[in-house]
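2 protein chains.
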Amino acid sequence: MNHKPLLDYLNEYINLTVDEETILISKIILRNYLKDQYIVQQGDICKSVNFIISGCTKTFYMDLESQEHIVMFSIEDWWTSDLGSFITQTPADFNVQCIENTQLIQFTFDNLEELYTEIPKLERLFRKIVERAFVASQKRIIRNFSLTAKERYEIFKKAHPKIEQRVPQYMIASYLGITKEFLSKIKSQLIHNQ
Amino acid sequence: MNHKPLLDYLNEYINLTVDEETILISKIILRNYLKDQYIVQQGDICKSVNFIISGCTKTFYMDLESQEHIVMFSIEDWWTSDLGSFITQTPADFNVQCIENTQLIQFTFDNLEELYTEIPKLERLFRKIVERAFVASQKRIIRNFSLTAKERYEIFKKAHPKIEQRVPQYMIASYLGITKEFLSKIKSQLIHNQ
DNA sequence: AAATAATGTTAAACTAGATTAACATCTATT
DNA sequence: AATAGATGTTAATCTAGTTTAACATTATTT
Chain A
85 MNHKPLLDYL NEYINLTVDE ETILISKIIL RNYLKDQYIV QQGDICKSVN
135 FIISGCTKTF YMDLESQEHI VMFSIEDWWT SDLGSFITQT PADFNVQCIE
185 NTQLIQFTFD NLEELYTEIP KLERLFRKIV ERAFVASQKR IIRNFSLTAK
235 ERYEIFKKAH PKIEQRVPQY MIASYLGITK EFLSKIKSQL IHNQ
Chain B
85 MNHKPLLDYL NEYINLTVDE ETILISKIIL RNYLKDQYIV QQGDICKSVN
135 FIISGCTKTF YMDLESQEHI VMFSIEDWWT SDLGSFITQT PADFNVQCIE
185 NTQLIQFTFD NLEELYTEIP KLERLFRKIV ERAFVASQKR IIRNFSLTAK
235 ERYEIFKKAH PKIEQRVPQY MIASYLGITK EFLSKIKSQL IHNQ
C-alpha cells in the first residue's frame with residue numbers, strides 16, 4: 085500500500101509518532117479511478133476528502149445551460165473534494181472528475197471525525213489546509229475582478245506550469261472563466277504582439 | 085464588558101464550561117472603532133480576528149489604479165479580518181475599514197494559539213468557521229462566472245437584505261464587481277421591465 | 001493508412017458591462 | 001436656508017469577451 089506520499093506530506097506540517105501513523109493508516113482507503121470517472125457528482129453527498137497520490141482531477145460546476153465551470157484542478161500531493169458538501173453532509177454543488185487515471189487516499193467523514201479525536205494534531209493540520217484553501221479562493225475572487233483575462237492567464241501559467249502542460253486548453257479557459265475561442269485569441273496575441 | 089453576543093454565538097456551536105469562559109474572556113480585547121477607521125490596512129500584518137458586537141465593516145482590495153474591490157461586508161455576530169495575513173503573519177492584501185461606528189472583540193494571534201491549546205474545542209470551532217467561509221468563497225467564484233450582474237444583484241439582495249439597506253449603492257456595485265452606473269441601470273431595469 | 005473523435009484556431013457579428021460626462025438628489029455643516 | 005460634499009441617475013460611446021460557424025490539427029481507433 086502506497087501511503088508514503090501522504091505521510092511525507094503530513095510530516096511537513098506535524099510530527100506523527102509511529103503509533104499515530106498506525107492509527108491513521110488503519111482509517112484510510114487507497115483507491116484507483118480511471119480517466120473520466122467521477123469521485124463526486126453534483127447532487128450526491130460527498131463522502132470523502134481525498135489526497136492525490138498520482139493523477140489529476142477537475143472540480144467543476146455544471147450550470148443550467150449545461151456549461152462546465154471549473155473551480156480547481158488537483159494533482160499529486162494535493163487534496164480534492166467538494167468540501168462544502170463534505171463538511172455539511174448535504175448534496176454537492178460540484179463534480180470532481182478524473183482527467184487522468186488517478187490514485188488517491190480517501191478520508192471518510194466518520195473516519196476523519198474519529199481521527200480528529202484520536203490525533204488532535206490532525207485537527208490543527210486540517211484547519212490550516214482549509215485556511216490556505218480559503219485564502220487562495222479569496223485571492224482568486226480579487227484576480228477575477230481586478231485583472232483582464234490575459235493577465236489571469238499569465239498568472240495561471242506562472243503559478244501552475246505543470247497543470248498548464250497536462251490539461252486541455254478548453255479546460256483552462258473554463259477555469260479562467262472565458263471561452264476557449266477567447267483563450268486561443270489571447271495566446272496568439274501573446275505570441276505575435278511580443 | 086459586553087461579551088454576551090460572543091458567548092451566545094460560541095454556545096451555538098460548542099458548550100463552554102464556566103472555567104473555559106473565564107479563560108476565554110481573559111484573552112480577548114473589547115475595542116471600539118469610529119466610522120472610517122481601519123482595522124487592518126493593506127501591507128500591515130493583521131494582528132487579530134475580530135468578532136463584531138455592533139457596526140459594519142467592509143473588506144476590500146485596492147488595486148494599482150486605486151480602485152476599491154470589496155470582497156465582503158461584515159455585521160453583528162460575524163467575523164472580520166484579513167485571514168490570509170493573520171494565519172501566515174505576512175503583509176495583508178486587504179483593508180478592513182469600518183463603515184459605521186463598530187464595536188468588536190479581538191483575538192490576537194498569540195492569544196488564539198494559546199486558546200486552541202487550553203480549549204481544544206475552540207480549534208474545532210474555528211476550523212468549522214473557516215470551512216464555511218471557504219465554501220461561501222467557492223460559491224461566489226461560481227456565481228461570478230455563471231451568472232449575469234443582474235442575477236448576482238438579486239441573489240445578494242435576497243441573501244443579505246440588511247446589508248443592502250445599510251450600505252451605499254456604490255459599495256454594493258464594488259462587491260458585485262460592476263460599476264455604480266451599471267448597478268443603477270440594473271435597478272431601473274428591475275423597476276420598469278417588471 | 002484511413003477514419004473518426006477530440007482539441008485548437010480564425011474571423012465576423014454581437015452584447016454585457018465600462019467609461020465619460022453632465023445632471024439630480026440627499027445629507028451635513030456653517 | 002445656503003453651500004458643499006457625498007451619493008445616485010441617465011445617456012452616448014466604447015471595449016473586453018461571447019457567439020457562431022467554418023476550418024485545422026492532433027490523437028485514437030479500426
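Quick note, the sequences are listed as chains A and B, same order.
Counting in the working numbering, the first sequence runs from 85 upward without gaps.
Counting in the working numbering, the second sequence runs from 85 upward without gaps.
Ideal placement from N, C-alpha and C gives every residue a C-beta, glycine not left out.
For residue i, the nearest candidate out of the options (CA to CA)
i	options	result
Asn179 (chain B)	B:Glu248, B:Thr164 and B:Thr106	B:Thr164
Thr106 (chain A)	A:Phe170, A:Ile225 and A:Glu202	A:Glu202
Thr192 (chain A)	A:Ala233, A:Ile129, A:Lys234 and A:Lys246	A:Ile129
Gly127 (chain B)	B:His244, B:Gln121, B:Ile262 and B:Asp177	B:Asp177
Leu118 (chain A)	A:Gln253, A:Gln222 and A:Gln187	A:Gln187
Val251 (chain A)	A:Leu94, A:Glu104, A:Phe157 and A:Lys111	A:Phe157
Lys264 (chain A)	A:Tyr237, A:Ile109 and A:Lys131	A:Tyr237
Glu248 (chain B)	B:His276, B:Glu197, B:Ile159 and B:Arg208	B:Ile159
Gln173 (chain A)	A:Val124, A:Met146 and A:Asp147	A:Val124
Tyr122 (chain A)	A:Phe144, A:Leu94 and A:Asp92	A:Phe144
Beta bridge counterpart(s) of residue i as assigned by DSSP
i	result
Trp163 (chain B)	B:Phe135
Ser258 (chain A)	Per DSSP, none; premise fails for Ser258 (chain A).
Val180 (chain B)	B:Val124 and B:Thr143
His153 (chain A)	A:Tyr145
Ser297 (chain B)	The requested residue 297 (chain B) is not part of the displayed model; chain B covers only 85 to 278.
Any non-hydrogen atom of the ligand FMN closer than 8 Å to residue i Cβ
i	result
Asn116 (chain A)	With respect to small molecules bound, the structure shown includes none, and the ligand FMN cannot be examined in it.
Residue i and residue j closer than 9 Å at C-beta
i	j	result
Phe135 (chain B)	Asp161 (chain B)	yes
Ile189 (chain A)	Leu90 (chain A)	yes
Ile225 (chain A)	Val133 (chain B)	no
Gln253 (chain B)	Lys271 (chain B)	yes
Lys246 (chain A)	Asn195 (chain A)	no
Arg294 (chain B)	Phe266 (chain A)	One cannot answer for residue 294 (chain B) here, as it falls past the ends of chain B, which runs 85 to 278.
Lys223 (chain B)	Phe170 (chain B)	no
Ile98 (chain B)	Leu199 (chain B)	no
Leu108 (chain A)	Leu114 (chain A)	no
Pro204 (chain B)	Pro175 (chain A)	no
Query - Whole runs of the beta strand (DSSP E) within the stretch 112 to 148 of chain A, excluding any shorter than 3 residues - result: Entirely contained in the stretch 112 to 148 of chain A, the beta strand (DSSP E) runs reaching 3 residues are, in chain order, 113 to 117, 122 to 124, 132 to 138 and 140 to 146.
Query raised in the report: Any chance the stretch 128 to 142 of chain A sits against the stretch 171 to 188 of chain A, with 3 or more Cβ pairs inside 8 Å?
Result: yes
Requested in this report: Decide if the stretch 256 to 273 of chain A is in contact with the stretch 143 to 159 of chain A; the criterion is three or more beta carbon pairs, one per stretch, under 8 Å apart.
Outcome: yes
Query raised in the report: Just checking, does the stretch 200 to 219 of chain B make contact with the stretch 208 to 220 of chain A on the three C-beta pairs under 8 Å criterion?
Result: yes
Query raised in the report: Between the stretch 241 to 248 of chain A and the stretch 226 to 233 of chain A, are three or more C-beta pairs nearer than 8 Å?
Result: Short answer: they don't touch.
Query - beta strand (DSSP E) runs contained entirely in the stretch 162 to 243 of chain B, provided each spans 3 or more residues - result: 179 to 182 and 186 to 192
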